[in-house]
Amino acid sequence: MLIPGIDAGNSRFKYAAPDVAGNPTLIANKFGEPFTPSAVFFAPDGSIIVGTEALNAGFADPTRLVVNWKRSMGTDAVLYATDDGTVYTAMDILAILLNDARDNIETKTDQVVNEAVITVPANYTDAQKQQTIDAAAKVGIKAILLPHEPTAAALGNELHKRKNCIVLVYDLGGGTFDVSIVRSGGNVCDVVATGGEPNIGGRDFNDRISEKMLDEFNAKNGFTPSRDDHPIFFQEMIQRIEQLKISLSVQAQSQIVLSCEGKQLAMTITRQQFNSWVEDIAEKTMERTKQVIKDANLDMSSIDEIYAVGGGSMMPIITEMLETLTGKKVSRRCEPHAAAALGAVLGGRLEYRRQGKTYTCGDVVLPAPDLIVHDILSHTIGVLALEQDNREICSEILPSETPIPSVQTKLFKLGEPNQTAVTIKVLEGEGGKNANECLMLGHFDLTDLPPRPDMIGRIEVTFSLDSNGLLTAKARDSASGKTAEMNIDYEHSNSGGTTQVGAA
Ligand SMILES: Nc1ncnc2c1ncn2[C@@H]1O[C@H](COP(=O)(O)OP(=O)(O)OP(=O)(O)O)[C@@H](O)[C@H]1O
Ligand SMILES: [Mg+2]
């Protein structure tokens, strides 16, 4: 049995597994590609194609191609529906991609894969993590650990082998942006602060070029190709823009040629031009980075090294802005693409040690690594509570940056004397924030309470975070000892009943 590390990227899947000496090694797919495009094509004959072949097939019929699935995780948005009415959500697409990953890994290593470590963005919500576990389970893979991508990337770059070092990990992927500060000292790696923007990734830089190209095409040819009328033009444009962006990471200028209905647009684009188009997007990631450094109570001078990872960090504008922001050079020895998958392999060995299990690679038993990694929660989680003025707020129980795993209990009062039932509504959002501005994670009822006049300190709410940062919420009536537990139905979570707990 083999436990691979899978970096389930919005743009590219990367997989790694330990070699016989335990060193994490990248595994190419069956085509010999080091990374597999996260693309799924639903062929007219009912077959499902994944990766580069899916992208190729998508040229002929883009309507059957699904890419950019990751921002829809945690929702039940339909990304594809077949003629017979079968629908595919992001979770289903991830399941297909994971199945393909397992197939590739098993073929290349000749070992069976039943368990895997799957990386997730540090700012993934509870629902998104749960759906990642569910997607793996759907194809018979047990996700034993969901490490945060920047933490995995830090381990993949062997931060743990550095002595007393504080690293800023800036991870700009295809669909998401994460930033974490990780401190290594002795045999311990602590994530000190983390943050990100779930809606910023390399694809937004491509979209910006697309807008410019369509404007230029119109200015030259008098019409703007539309997605509905010219789907193949769009598919080609997407590919050429990707090539252009990558060329501009290396060269000062590059060419792009587009053609539609016999009309052409041929342009030379300079890196300077490109930078001016995307500057505001890059700037947003820098603002977030600044915030995370502040959250860590650090100043720039205390950061020893900068790891710029994720394909998006290859853009020179990113390196330049990061170096201006921090006054430090971005690390040249950092591996930007495969690091999260490599770090995930180490995560699997650590998780096996935590579970007290023997980790084997083929017939070889690998010793437990002498390393402790502490990650943290990226969002504040609390419950809806009524203030004195009847305002519904989020009363925090686990603030962001709480270490994972953790358990925390907070006491609440009942709303009125002789109350016999209460609904606990679990929210994600800053403490004190209006409840309607927070994300509702779920709710559950504590019923059959004995009617009693005392209200203060009656309801104990306990939140437990497991090693993946997944939440279990429990409530207990301190007067009667009655308990209830939340079972989140992520697809249908709503505001539920009407009686809330009161603050304090
Ligand atoms: N040399 C390069 N220059 C600029 N951008 C690049 C380069 N190489 C890759 N990219 C961009 O990086 C992105 C893919 O990077 P990566 O594989 O790290 O993302 P991902 O892990 O799939 O996404 P996410 O982390 O958001 O889930 C794409 O947007 C791609 O265009
Ligand atoms: Mg990534």
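Positions 1 to 504 (the numbering used here) are the ones given, in order, by the sequence shown.
Think of the CB as a built atom: it goes at the ideal place given N, C-alpha and C, for glycine as much as any other residue.
Here the structure is a predicted model, which means the values were calculated and not measured.
Need the endpoints of the beta strand (DSSP E) that V117 sits in, please. The continuous beta strand (DSSP E) containing V117 extends over residues E115 to T119.
When you measure from the CB of D171 to every non-hydrogen atom of ligand 3, does any distance come out below 7 Å? The model depicted lacks ligand 3 and carries ligand 1 and ligand 2 instead.
Could you work out which residue in M486, P62, A340 and R102 is closest to T462 when comparing CA atoms only? T462 has its Cα closest to that of M486, out of M486, P62, A340 and R102.
Going by CA-CA distance only, name the one from G262, T25, L371 and I133 that's closest to G185. When only C-alpha atoms are compared, the closest one is L371.
Is F13 helix, strand or coil by DSSP? F13 carries a strand assignment under DSSP once its states are collapsed to helix, strand and coil.
Residue range of the beta strand (DSSP E) that includes T402: Segment: none, T402 is in no beta strand (DSSP E) and carries neither H nor E.
Inter-residue Cα distance where the pair is A16 and D76: In a straight line, the C-alpha of A16 is about 30 Å away from that of D76.
Going by DSSP, what residue range makes up the beta strand (DSSP E) through F444? Here the beta strand (DSSP E) through F444 covers L439 to L446.
Check each candidate in I459, E211 and K263 and name the one with the smallest Cα separation from N221. Checked all of I459, E211 and K263; the closest Cα to N221 is K263.
Residue nearest to S210 in terms of C-alpha spacing, selected from V192, F233 and A193: Taking only the C-alpha atoms, the option nearest S210 is F233.
Got a sec? Which residues, its chain only, sit under 6 Å from G327 by beta carbon, not counting five neighbours each side? Correct list, in chain order: M300.
Excluding the five sequence neighbours on either side, which residues of its own chain have a C-beta within less than 7 Å of the C-beta of A282, listed in chain order? Correct list, in chain order: I317, I318 and M321.
Measure the alpha-carbon distance for T270 versus Q255 and round it to whole angstroms. Their Cα atoms are separated by approximately 9 Å.
What residues are listed by DSSP as bridge partners for R183? Paired residue(s): I166 and D190.
Short Cβ contact (8 Å threshold) for E437 with N157: No. Outside cutoff.
When DSSP labels each residue in this structure, what does N221 get in the three-state scheme? N221 falls in the helix class under three-state DSSP.
In this structure, how does DSSP classify T420 when only helix, strand and coil are distinguished? In the structure shown, T420 sits in coil (DSSP, three-state: anything other than H, G, I, E or B).
Please report how far the alpha carbon of S249 lies from the alpha carbon of R332, in whole angstroms. So the two alpha carbons sit approximately 15 Å from each other.
Residue-level contact to chain C via CB, V78, 8 Å cutoff: Chain labels in this structure do not include chain C; a single protein chain is all it has.
Given the structure, does I246 come close to ligand 1, in the sense that its CB is under 7 Å from one of the ligand's heavy atoms? Checking every heavy atom of ligand 1 against the Cβ of I246, one is found closer than 7 Å.
When you measure from the CB of D375 to every non-hydrogen atom of ligand 2, does any distance come out below 7 Å? For ligand 2, not one heavy atom lies less than 7 Å from the Cβ of D375.
So, helix, strand or coil for F31, using DSSP? Of the three classes helix, strand and coil, the one that applies to F31 here is coil, per DSSP.
Can G312 and H337 be called in contact, C-beta distance under 8 Å? Not a contact, by the Cβ cut-off of 8 Å.
Can you tell me whether H337 sits near ligand 1, meaning its C-beta is under 7 Å from at least one heavy atom of the ligand? For ligand 1, at least one heavy atom lies less than 7 Å from the Cβ of H337.
Say yes only if the C-beta of K70 is nearer than 7 Å to one or more non-hydrogen atoms of ligand 1, and no if none qualify. K70: yes, Cβ under 7 Å from ligand 1.
Inter-residue CB distance, G201 and T224 (contact presumed, cutoff 8 Å): About 25 Å separates the beta carbon of G201 from that of T224, a gap too long to meet the 8 Å contact definition.
Please classify V139: does DSSP put it in a helix, a strand, or coil? In the three-state scheme derived from DSSP, where H, G and I count as helix and E and B as strand, V139 is classed as coil.
Using DSSP's beta-bridge definition, name the partner residues of R476. E460 and T483, per the DSSP bridge assignment.
Go to E508, then tell me how far its beta strand (DSSP E) extends in each direction, as first and last residue. It is not possible to answer for residue 508, since the shown part of the chain is limited to 1 through 504.
Taking all protein chains shown into account, do 16 or more other C-beta atoms lie within 10 angstroms of the C-beta of E197, making it buried, or fewer, making it exposed? Buried, because 16 or more other Cβ atoms sit within 10 Å of the Cβ of E197.
In this structure, does DSSP put E392 in helix, strand or coil? Shown here, E392 sits in a strand according to DSSP, grouped into three states.
Can the beta-carbon of V169 be found less than 8 Å from the beta-carbon of V182? A distance below 8 Å separates the beta carbons of V169 and V182.
Closer than 7 Å: is that where the CB of D7 sits relative to any heavy atom of ligand 2? Within the cutoff, so yes.
Looking at C-beta atoms only, is the number of pairs between the stretch 101-114 and the stretch 57-72 that lie closer than 8 Å three or more? At 8 Å Cβ cutoff, the stretches do not touch.
First and last residue of the uninterrupted beta strand (DSSP E) at G5: In the DSSP assignment, G5 falls within the beta strand (DSSP E) that extends over G5 to A8.
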